[in-house]
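Participant: Take any residue in the sequence shown, note its place counting from 1, add 966, and you have its number in the working numbering. Yeah, the Cβ is synthetic: ideal placement off N, Cα and C, and Gly gets one too. Sharing a structure, written as structure tokens. Questions coming.
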Amino acid sequence: MAETKYIFVTGGVSSSLGKGIIAASLAKLLQARGYKTTIQKLDPYINVDPGTLNPYEHGECYVTEDGAETDLDLGHYERFLNVNTSQANNVTTGRIYQSVIEKERRGEFLGKTVQVIPHITNEIKERVQLLGKNHEYDIVITEIGGTVGDIESLPYIEAVRQLKWELGDDNALVIHLTLVPYLSAAGELKTKPTQHSVKTLMESGLRADILVCRTEHELSDDIRRKLALFCNVKQEAVIQSIDASTIYDVPNMMLDEGLDRVTLKKLNLPDDTTPNLTQWNEFLKRHKNPKHEVTIGLIGKYVELQDSYKSILEAFIHAGAANEVKVNIESIHSEFINDSTINNKISHLDGILVAPGFGERGVEGKIDAVRFAREHKMPFLGICLGMQMAVIEFARNVLKLRNANSTEMDPATPHPVIDLMKEQKEITHLGGTMRLGSWECTLKDDSIAKEIYGTTQIFERHRHRYEYNNQYASQLESHGLRSTGVNPKTNLVEIVEIPDHPWFVGVQYHPEYKSTVASPHPLFIAFIKAAKEYSQKKKNASLAQ
Ligand code: GLN
């Protein structure tokens, strides 16, 4: 294919309409027709990246192979497409301004006045086209964060307007996602908010080519005709996006609505292929027809907001389907776990996952949860901070090292079993300075890890500052907490296991970032399998009584 084609996805009327899922679903359909497709997210906020944001703000911070801290939508892109994204796939206003200001300081603008137009818009255009360079992709889908009409999205909309003009109608198109609300008192779907939002887009000189309408009720032919007429699009370009029971149904729903067909037609690309969704549909079948059920406790401190642990929740869906198991997640706030509540909160579970996190709040509850899982031989998976809590619990309760801790929680602890490494101690800047992205790990023989991965060399993504302190390694090992995965270059411990427990694994890295529909993560698959066996054993024991 000659030129890379660009698709822009904008949003109107309201936020949280699921632009990311629509972009990912369209990309999936185009990929399933053989087009090499990638997705990019432009975020209008001023943080340089979401790495310094509290999860309560925008949910989880997703990490790519190359160590970019990004918006959680990139997680959806990878989970749908099974293709890695990178730093170039997420750009914020902060990063755009940072790079323009750095250029200005280097004198690159040759004495000109630096302005939003053209300098900021040029920088945006460059970042969009960066992914299309070298013809690595046939199609680049760019999702513009926020809602049209927001002051902060204006430079992005202007950049899209210019690009569309420069690239031509065959090479660029705009999909506008809007809301068609249902007024129950009138018993009617209303098109006016969509008309207004398309008008707002037009005030910035941008015409929507395709409308994707979020709705709770089917759009009648009449409504579709009305939307087409008043919003200046063909009727076939009015696409209904009705609420789905799972996000993984959306590609098939978009296929039924013909979103991929209209897109290809508008871009002047052949649409004579049919998307090959065999593997995707096989996953859906397994996901929707489970043969067993388990309940996993997700122990964390950001549990009020589902998006905080997005990738973990999705990894459970993938692993559940692989095992034909329905995975119920019980989110448990670690701050409310203590001696008097623990039995009530945890004993009925089939497995415990202690979540990643930062700071002191809620860590004692996490340590209590680890202890429960260890002592009751309940399957346990600790991720990042969860693994660190497992080491602390073991040091305190098995090695009897009183007040053992991580120096993140207690800088004066007498037993810093988790500590900062020398390089981290010298860092003062917070943004982008953790151990980030993909790192190698060598797995030891006779370990659960090696059995699960079926190899001795793995690469997993990281996002943390503190590390297992090797000064305590021999004590921990000799008492039964084995380090079974180690970074071959730095000797840093990546995985701990308790061989004298049916399934107790702590990992310093984040396996959840690499789990996709096409390739569910082996650790999650094995954890769910262990939880299933644990639940069956419990059932058999209660039947025998
Ligand atoms: N706060 C811990 C650290 O920085 C763990 C981070 C995490 O769980 N992602 O090492």
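Just verifying my parser: in three-state terms, what is the DSSP assignment at T1244?
Facilitator: On the sequence shown, position 278 is the one that residue 1244 refers to. Helix at T1244.
Participant: Regarding F1425 and the ligand GLN, is the C-beta to nearest heavy atom distance less than 7 Å?
Facilitator: The residue given as residue 1425 occupies position 459 in the sequence shown. No - the ligand GLN has no heavy atom lying nearer than 7 Å to the Cβ of F1425.
Participant: Residues in the same chain with beta-carbon distance under 6 Å from S981, minus the five sequence neighbours each way, listed in chain order, please.
Facilitator: Numbered from 1 along the sequence shown, position 15 holds the residue referred to as residue 981. Excluding sequence neighbours, S981 sits near T1113.
Participant: Determine contact between the segment 1410-1419 and the segment 1436-1446, defined as no fewer than three beta-carbon pairs at a distance below 8 Å.
Facilitator: No, because fewer than three Cβ pairs between the segment 1410-1419 and the segment 1436-1446 fall closer than 8 Å, the two stretches do not touch.
Participant: Could you check where the alpha helix (DSSP H) with S1065 kicks off and where it finishes?
Facilitator: Within the sequence shown, the letter at position 99 stands for residue 1065. S1065 -> alpha helix (DSSP H) spans T1059 to R1071.
Participant: Since T1399 contacts D1385 with CB under 8 Å, what's their CB separation in whole angstroms?
Facilitator: Here residue 1399 refers to the residue found at position 433 of the sequence shown. Here residue 1385 refers to the residue found at position 419 of the sequence shown. With a Cβ gap of about 17 Å, T1399 and D1385 do not count as contacting.
Participant: Express the C-alpha separation of H1487 and I1414 in angstroms, rounding to a whole number.
Facilitator: The sequence position of residue 1414 within the sequence shown is 448, counting from 1. The sequence position of residue 1487 within the sequence shown is 521, counting from 1. If you take the alpha carbons of I1414 and H1487, they lie about 14 Å apart.
Participant: Could you give the distance in angstroms between the alpha-carbon of A989 and the alpha-carbon of F1046?
Facilitator: Start at 1 with the first residue of the sequence shown, and residue 989 comes out as number 23. Start at 1 with the first residue of the sequence shown, and residue 1046 comes out as number 80. Distance between the alpha carbons of A989 and F1046 is about 10 Å.
Participant: Using the beta-carbon count (16 or more within 10 Å), is L1447 buried or exposed?
Facilitator: The sequence position of residue 1447 within the sequence shown is 481, counting from 1. Buried, since its Cβ has 16 or more Cβ neighbours within 10 Å.
Participant: Quick one, which of Y1148, A1152, E1169 and G1153 has its alpha-carbon nearest P1159's?
Facilitator: Stepping through the sequence shown from its first residue, residue 1159 is reached at position 193. It is Y1148 whose Cα lies nearest to the Cα of P1159.
Participant: Counting C-beta neighbours from all protein chains within 10 Å, is the total for R999 16 or more, i.e. buried, or is it exposed?
Facilitator: In the sequence shown, residue 999 corresponds to position 33, counting from 1. Buried.
Participant: Note down, in chain order, each residue of its chain lying with its Cβ closer than 8 Å to the Cβ of V1066, except the 5 sequence neighbours on either side.
Facilitator: Along the sequence shown, one-based indexing puts residue 1066 at 100. Closer than 8 Å at Cβ, skipping near neighbours: V1080, H1085, I1086 and E1089.
Participant: I need the straight-line Cα distance from E1463 to E969, nearest angstrom please.
Facilitator: Translated into the one-based positions of the sequence shown, residue 1463 becomes position 497. Translated into the one-based positions of the sequence shown, residue 969 becomes position 3. Between the C-alpha atoms of E1463 and E969 there is a straight-line separation of about 51 Å.
Participant: For H1381, which option in F1360, D1411, E1341 and L1315 has the closest C-alpha, if you only look at C-alpha atoms?
Facilitator: Position 415 of the sequence shown, counting from 1, holds the residue named residue 1381. Among F1360, D1411, E1341 and L1315, the Cα nearest to that of H1381 belongs to F1360.
Participant: Is it the case that the CB of F1470 approaches a heavy atom of the ligand GLN more closely than 7 Å?
Facilitator: Taking the first residue of the sequence shown as 1, we reach residue 1470 at position 504. The nearest non-hydrogen atom of the ligand GLN is 7 Å or more from the C-beta of F1470.
Participant: Does the segment 1009-1017 come within contact of the segment 1026-1036, defined as at least 3 CB pairs closer than 8 Å?
Facilitator: Counting C-beta pairs closer than 8 Å gives three or more between the segment 1009-1017 and the segment 1026-1036, which meets the contact rule.
Participant: Any residues whose CB sits closer than 5 Å to a heavy atom of the ligand GLN? List them in chain order?
Facilitator: The filter returns P1322, F1324, C1350, L1351, R1429, H1430, R1431 and Y1432, in chain order.
Participant: Can you tell me whether I1012 is helix, strand or coil according to DSSP?
Facilitator: Taking the sequence shown and counting its residues from 1, the one referred to as residue 1012 is at position 46. In this structure, I1012 counts as coil in the three-state DSSP scheme.
Participant: So the alpha helix (DSSP H) V1133 belongs to, where does it begin and stop?
Facilitator: The count along the sequence shown starts at 1 and reaches residue 1133 at position 167. The sequence as given places Leu at residue 1133; Val does not occur at that position. Residues L1120 to L1133.
Participant: Please state whether the Cβ-Cβ distance between V1260 and V1293 is less than 8 Å.
Facilitator: Mapped onto the sequence shown, residue 1260 falls at position 294. Mapped onto the sequence shown, residue 1293 falls at position 327. In contact: V1260 and V1293 (Cβ atoms closer than 8 Å).
Participant: Where does A1492 land, buried or exposed, given buried means 16+ other C-beta within 10 angstroms?
Facilitator: Counting from 1 along the sequence shown, the entry for residue 1492 is found at position 526. Buried: at least 16 other Cβ atoms inside 10 Å.
Participant: So which of I1012, I1005 and L1193 has the shortest CA-CA distance to E1202?
Facilitator: Walking along the sequence shown from the start, residue 1202 turns up at place 236. Of I1012, I1005 and L1193, the residue nearest in Cα terms is L1193.
Participant: Thinking just about the alpha-carbon of each residue, which of V975, P1377 and S1163 is nearest to the one in I1141?
Facilitator: Within the sequence shown, the letter at position 175 stands for residue 1141. Here the closest residue by C-alpha is V975.
Participant: With 16 as the cutoff for other CB atoms within 10 Å, does Q1511 come out buried or exposed?
Facilitator: In the sequence shown, residue 1511 corresponds to position 545, counting from 1. Per the 10 Å Cβ criterion, exposed.
Participant: Using 8 Å as the Cβ pair cut-off and three pairs as the minimum, do the segment 1211-1224 and the segment 1240-1250 touch?
Facilitator: yes
Participant: With DSSP as the reference, identify every bridge partner of T1108, one or two as the case may be.
Facilitator: Locating residue 1108 in the sequence shown gives position 142, counting from the first residue. Answer is F974 and Q1006, bridged to T1108.
Participant: Here's a check: name, in chain order, each residue in its chain whose Cβ is nearer than 6 Å to the Cβ of L1458, leaving out the five neighbours to either side.
Facilitator: For this step, residue 1458 is matched to residue 492 along the sequence shown. So the qualifying residues of the chain are E1433.
Participant: Among residues of its own chain, excluding the 5 on either side of S949, which ones have a beta-carbon nearer than 8 Å to its beta-carbon?
Facilitator: What is shown of the chain runs 967 to 1511, which leaves residue 949 out entirely.
Participant: Would E1301 and H1258 be called neighbours here (beta carbons separated by less than 8 Å)?
Facilitator: Within the sequence shown, residue 1301 is the residue found at index 335, counting from 1. Within the sequence shown, residue 1258 is the residue found at index 292, counting from 1. No.
Participant: Between E1290 and chain D, is the shortest Cβ-Cβ distance under 8 Å, so that the two count as touching?
Facilitator: No chain D is part of this structure, which consists of one protein chain only.
Participant: Can you give the beta carbon distance from T1181 to Q1161, rounded, assuming they're within the 8 Å contact cut?
Facilitator: The residue given as residue 1181 occupies position 215 in the sequence shown. The residue given as residue 1161 occupies position 195 in the sequence shown. At roughly 15 Å, the Cβ-Cβ gap does not stay under 8 Å, so T1181 and Q1161 are not in contact.
Participant: In chain order, which alpha helix (DSSP H) runs of at least 4 residues are fully inside the segment 1191-1276?
Facilitator: 1216-1223, 1225-1232 and 1244-1254
Participant: With a CB to CB cut of under 7 Å and the five nearest residues on each side skipped, what residues in its chain are close to I1295?
Facilitator: One-based indexing of the sequence shown puts residue 1295 at position 329. Same-chain partners within the cutoff: I1262, L1264, L1279 and F1282.
Participant: The alpha helix (DSSP H) spanning V1146 covers which residue range?
Facilitator: Position 180 of the sequence shown, counted from the start, is the residue given in the question as residue 1146. V1146 -> no alpha helix (DSSP H), and no H or E assigned at all.
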